[in-house]
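Colleague: Handing you this structure, nothing more for now.
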Amino acid sequence: MASTEAPQARLQGRVASITGSGQGMGESIARAFARNGAAVVISDVNEERAQRVADSIIGNGGRAVALRADVTVSADAERIAQAGVDAFGQLDIHVNNAGISQTRLFMETERGDLERILQVNLVGAFICAQAAVRHMLPRGYGRVINIASLSGQRGGVGRAAYGSSKAALELLTKVMSVELAASGITVNNIAPGAIATEMAAAQHDQATREAYHYLIPQRRYGTPDEVADAAVFLASEEARHICGHTLNVDGGYLTAGLMFSLGNSKAPAAPSV
Ligand SMILES: NC(=O)c1ccc[n+]([C@@H]2O[C@H](COP(=O)([O-])OP(=O)(O)OC[C@H]3O[C@@H](n4cnc5c(N)ncnc54)[C@H](O)[C@@H]3O)[C@@H](O)[C@H]2O)c1
């Protein structure tokens, strides 16, 4: 039966910042937040892309501001958080989405690779969250969402540097969550599996795509919008008692064991991409 209730703007009156929101999942999260009534701060190292996303949200009747910011630069982390306060009077929600990836065998990964990835995925998230939480503490309300990865939970080939950065981000989330819970601030992770974004297109070759199709019970990549829906939930009032949780958005990838045909279950289809 079709519902007669009007769709709710679940983030009405909230101000949210999303790092790396000039494209990919960050863009989808920003658009979903705006559709749900939040004013959004779009930040990215690519200023043109950030501005394009903000203009499009404003064109659709939303509220948005764009800035060029590199999450690894402390002054930029402060500017991201301040932008929400300057443009919209407060900051309620912060999403650490900006990230870089690499698939390289452990013995071929150079120290510089590891340091570069940790800088963006861990240090960047750390300093941006600190700057955001500074604005949340006096108001006794906040939501921080970190975009981790299934690669931080499993030992994927070629994921020494990237997976380590995301595993560390998950642990950081737990510590932040415990320390900030009594201040009205929740901190949670979303761990996407394989999501069809430009990052995945650049990193996943044919063999990788086939392997994912074989291992994911839903037999497909996720979409950025499916990650954005999970982010809206964690940012909303409905998630007020959820602290330090990692919400996997992965089509069942992490939960799967043996997948062969038995009873009503479907055997893995021949891998197709
Ligand atoms: N695509 C996937 O399958 C997948 C899976 C799991 C986790 N993730 C994570 O999700 C997040 C978004 O991934 P995506 O696939 O949308 O990536 P993407 O490459 O499409 O977009 C990332 C955005 O971050 C920006 N960015 C990069 N470095 C930055 C920096 N130093 N400061 C500010 N912005 C910066 C880029 O300019 C880009 O706009 C990342 O943290 C990624 O690790 C992606």
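Residue 885 in our numbering sits at position 225 of the sequence shown, with consecutive numbering throughout. All C-beta atoms in this analysis are idealised placements derived from N, C-alpha and C, irrespective of residue type, glycine included.
1. Determine the extent of the beta strand (DSSP E) in which Ala676 is found, giving its start and end residues.
2. Between which two residues does the alpha helix (DSSP H) carrying Val793 extend?
3. Put Ala699 into one of helix, strand or coil per three-state DSSP.
4. Between Thr833 and ligand 1, is there a pair consisting of the residue's CB and a ligand heavy atom that are separated by less than 7 Å?
5. Compute the Euclidean distance between the alpha carbons of Gly772 and Leu778, then round it to the nearest angstrom.
6. At the level of alpha carbons, what is the spacing between Phe766 and Arg776?
7. If you drop the 5 nearest sequence neighbours on each side, which residues of the same chain put their C-beta closer than 7 Å to that of Ser809?
8. Give me the Cα-Cα distance between Ile740 and Gly818, rounded to the nearest whole angstrom.
9. Go ahead and pull the three-state DSSP assignment for His873.
10. Look up Asp704 in the DSSP assignment and say whether it is helix, strand or coil.
11. Could you pull the DSSP bridge partners for Gly802 from this structure?
12. Name the two residues that bound the continuous beta strand (DSSP E) containing Thr906.
13. To the nearest angstrom, how far is it from the Cα of Arg712 to the Cα of Pro884?
14. Are the segment 869-887 and the segment 667-679 in contact at 8 Å, needing three or more beta carbon pairs?
15. With a Cβ-Cβ cutoff of 8 Å, do Ala821 and Thr769 count as a contact?
16. Sort Ala916, Glu738, Ala758, Arg900 by Cα distance to Met685 and report the nearest one.
17. For the segment 804-868, which segments carrying the beta strand (DSSP E) assignment without a break, of at least 3 residues, lie completely within its bounds, in sequence order?
18. Indicate the three-state DSSP secondary structure (helix, strand or coil) for Asn781 in the structure shown.
19. Only counting runs of 3 or more residues, tell me where the beta strand (DSSP E) segments fall wholly within the segment 700-750, in order along the chain.
20. Note down the Cα distance separating Ala860 from Leu751, rounded to an integer number of angstroms.
21. Tell me the rounded alpha-carbon separation between Leu671 and Ala899.
22. So, at 8 Å on beta carbons, what are the nonlocal neighbours of Ala690 in its own chain, with the 5 sequence-adjacent residues on each side left out?
23. Is Gln668 near ligand 1, in the sense that its beta carbon is under 7 Å from a heavy atom of that ligand?
24. Starting from Phe893, trace the alpha helix (DSSP H) in both directions and tell me its first and last residue.
25. Quick check on Arg879: does DSSP put it in helix, strand or coil?
26. Under three-state DSSP, which class holds Ile689?
Modeller: Judging by the given coordinates:
1. The sequence position of residue 676 within the sequence shown is 16, counting from 1. Residues 675-679.
2. For the purposes of this step, residue 793 is identified with residue 133 of the sequence shown, where counting begins at 1. Start and end: 785-796.
3. Residue mapping note: residue 699 aligns to position 39 of the sequence shown, counting from 1. Strand.
4. Start at 1 with the first residue of the sequence shown, and residue 833 comes out as number 173. No.
5. Position 112 of the sequence shown, counting from 1, holds the residue named residue 772. Position 118 of the sequence shown, counting from 1, holds the residue named residue 778. One C-alpha to the other measures close to 10 Å.
6. As a first step, residue 766 must be located in the sequence shown, where it is residue number 106. As a first step, residue 776 must be located in the sequence shown, where it is residue number 116. Arg776 has its alpha-carbon roughly 15 Å from the corresponding atom of Phe766.
7. Taking the sequence shown and counting its residues from 1, one reaches residue 809 at position 149. Excluding sequence positions up to five before and after Ser809, its CB lies within less than 7 Å of the CB of Lys826, Ala851, Pro852, all in the same chain and listed in chain order.
8. Position 80 of the sequence shown holds residue 740. Position 158 of the sequence shown holds residue 818. Near 32 Å, if we compare the C-alpha coordinates of Gly818 and Ile740.
9. Position 213 of the sequence shown, counting from 1, holds the residue named residue 873. Per DSSP, reduced to three states, the secondary structure at His873 is helical.
10. In the sequence shown, residue 704 corresponds to position 44, counting from 1. In this structure, Asp704 counts as strand in the three-state DSSP scheme.
11. One-based indexing of the sequence shown puts residue 802 at position 142. In DSSP, Gly802 forms a bridge with Ile845.
12. For the purposes of this step, residue 906 is identified with residue 246 of the sequence shown, where counting begins at 1. Run containing Thr906: 906-909, per the beta strand (DSSP E) assignment.
13. As a first step, residue 712 is located in the sequence shown; it is residue number 52 there, counting from the start. As a first step, residue 884 is located in the sequence shown; it is residue number 224 there, counting from the start. Between Arg712 and Pro884, the C-alpha separation is close to 18 Å.
14. Remark: fewer than three beta-carbon pairs, one from each stretch, lie closer than 8 Å, so the segment 869-887 and the segment 667-679 are not flagged as touching.
15. Taking the sequence shown and counting its residues from 1, the one referred to as residue 821 is at position 161. Taking the sequence shown and counting its residues from 1, the one referred to as residue 769 is at position 109. Between Ala821 and Thr769, the CB-CB gap stays under 8 Å.
16. Your numbering for residue 685 matches position 25 in the sequence shown. For Met685, the nearest C-alpha among the options comes from Ala758.
17. Within the segment 804-868, the complete beta strand (DSSP E) segments at least 3 residues long are 845-852, listed from N- to C-terminus.
18. Position 121 of the sequence shown, counting from 1, holds the residue named residue 781. Residue state, collapsed to three classes: helix.
19. The segment 700-750 contains these whole beta strand (DSSP E) runs: 723-728.
20. For the purposes of this step, residue 860 is taken as residue 200 along the sequence shown, with counting starting at 1. For the purposes of this step, residue 751 is taken as residue 91 along the sequence shown, with counting starting at 1. Each residue's Cα considered, the two are about 31 Å apart.
21. Walking along the sequence shown from the start, residue 671 turns up at place 11. Walking along the sequence shown from the start, residue 899 turns up at place 239. Roughly 12 Å between the two C-alpha positions.
22. In the sequence shown, counting from the first residue as 1, residue 690 sits at position 30. Ala676, Ile678, Ser681, Val700, Ile702, Val713, Ile717, Ala724, listed in sequence order.
23. The residue you call residue 668 lines up with position 8 of the sequence shown. No, the beta carbon of Gln668 sits no closer than 7 Å to any heavy atom of ligand 1.
24. By one-based count along the sequence shown, residue 893 stands at place 233. Looking at the DSSP string, the run of the alpha helix (DSSP H) that includes Phe893 is 884-895.
25. The residue labelled residue 879 in the question sits at position 219 within the sequence shown. In the three-state DSSP reduction, Arg879 falls in the coil class, being neither helix nor strand.
26. Along the sequence shown, read from residue 1 onward, the residue named residue 689 stands at position 29. Ile689 carries a helical assignment under DSSP once its states are collapsed to helix, strand and coil.
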